[in-house]
Structures are given as C-alpha cells and as structure tokens.
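Each remark here refers to the structure printed beneath this line.
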Amino acid sequence: MIRPPAALWAGAVLLLGIPSAAAPQTDDTAERGIPGDAVARWRPYSREASQRFGVPLDWIERVMRAESGGRTHLAGRPITSRAGAMGLMQIMPGTWAELRARLGLGADPHDPRDNILAGTFYLRLMYERFGYPGLFGAYNAGPGRYAAYLALGRPLPSETRAYLATVTGTVTGTPSGPLPSLPQRPPPALFVALRSGGGPVEPSPSRAGTQASGSLFVSLSSDRPDR
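Those letters in the sequence shown? Residues -23 to -1, 1 to 204, by mature numbering (1 follows the signal peptide of the UniProt record, and there is no 0).
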C-alpha cells in the first residue's frame, strides 16, 4: 500500500487538520526479535483500532503477541503462516478480503495499520458472537469450529487450546472469573452496516454461537485451518 512520505503527510495533517495516529518508529526491533519492543512498536495503530472498534488495547496486543510476536517479516519475507494467514494479526485471505471491503482498507494485507484494523474489527465481531474469552478461541479456530465446540461438544484443536491458555489462561474458552466490560461501544452505524433489516448488534458475553441472519457472521463462518 503506497503512503505519502512522512514529511508530506505531516504537512497535510497540520494544514488540513486531519486526525491521524502517530506512526510507529521505523527501527527494526520487531524483525530483530526484541520481545519487549516488538508488539509495543505498533501501539499507535493498535490504540487507533481500540478506540475505533471498542476493543481493549490489551486484547489486541495479546492476540498480536500470540499470532506474530509483533513481527511483520520472517526470514526476510512478509510473515505468512503455512495455511496462508497474513500479517501482524495473521488474517486468512478470505477473511481479509471481506474485512477489507467492509472497512475500505488498502490492497496490501501486510500493511501494519490495515492489518491491525482488520484483525481488531474481527475480534469485535467474535466478541459480539461468543463473548469473552470465547472470542479468542473463535479467532484462532474459526467461528464455525468454535460454535460446534459450544453446541456439540466437539473438542477444540490442540493449537486452539494452547492459544487460549496463552491469551487468557484458560484452555476451554469458559470464563474463570468476572467478565471484563468493553469500553464505550463504537458508533451504532458500524453495526447497522453489518446487519440487514435490523438495529445495532448488542454485545452479550453470554452469546454462545447463534448465527445472526443477514450479518457478516454468515460469510465469515468457515473454519480457520490449523497453522
């Protein structure tokens, strides 16, 4: 994705009053594998996504740490899993295509800002459907597979159990304590655009896999392959 040079963009912000998240530093700490800096390096973009979609910054950074460790490249190439998941938030190609269209993102799934925005929006959708901490299980395994786990008791893949243990401290996706509350919800228009013929989607931590007719959940319900 082509972006204007930093100096020109800064001038545009000053002249036009365009709000913008501060760009991360351009050092190579993420590629050099420095754990303390890799995820925090992208915090300006993560904070923007958090505010835009009403997802806690901590959740975004937990997922990024588990998915990519904050790295955009591995062995000199844009980070991509064996199954094809891409970028900082490891988004599958089909999911990326749908989220990109919904959010008006650029063409490059590895663009850090766009990848974080898409991944965070997807986390919000998974929260709306599965609550906490189920959103993390659905993010890893795919909403279809996670819904089958809830409805039919089908065991979660070992990768997903390990993933849940990493990001939440539980291997089942079942709350082990008080449910966290999300910050102020995004503007209702975000959810009106996702549901045909209905009002904004109301968050519900107890929601357990009911698929909303006419919503984005229908087209994003395929399982996510193991990586």
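In this text, a Cβ means the ideal position worked out from N, Cα and C, and glycines have one as well.
Nearest to alanine 74 by C-alpha distance, out of Leu65, Arg59, Asp91 and Ser58, is Asp91. When DSSP assignments are scanned along the stretch 20 to 85, no uninterrupted stretch of beta strand (DSSP E) that is 3 or more residues long falls wholly within it.
Relative to the Cα of arginine 42, the nearest Cα in the group Asp14, Gly81 and Leu129 belongs to Asp14. Taking all protein chains shown into account, alanine 118 has 16 or more neighbouring C-beta atoms within 10 Å of its C-beta and is therefore buried. In the DSSP assignment, alanine 17 falls outside any alpha helix (DSSP H), carrying neither H nor E.
In this structure the stretch 112 to 127 lies against the stretch 136 to 144, because at least three pairs of beta carbons, one per stretch, are closer than 8 Å. If you draw a straight line from the Cα of glycine 64 to the Cα of leucine 82, it is about 14 Å long. Alanine 95 counts as buried, since at least 16 other C-beta atoms from the protein chains shown sit within 10 angstroms of its C-beta.
A residue is called buried once 16 or more other Cβ atoms fall within 10 Å of its Cβ, and leucine 129, having fewer, is exposed. With contacts defined as CB atoms closer than 8 Å, isoleucine 93 and serine 45 fail to qualify as a contacting pair.
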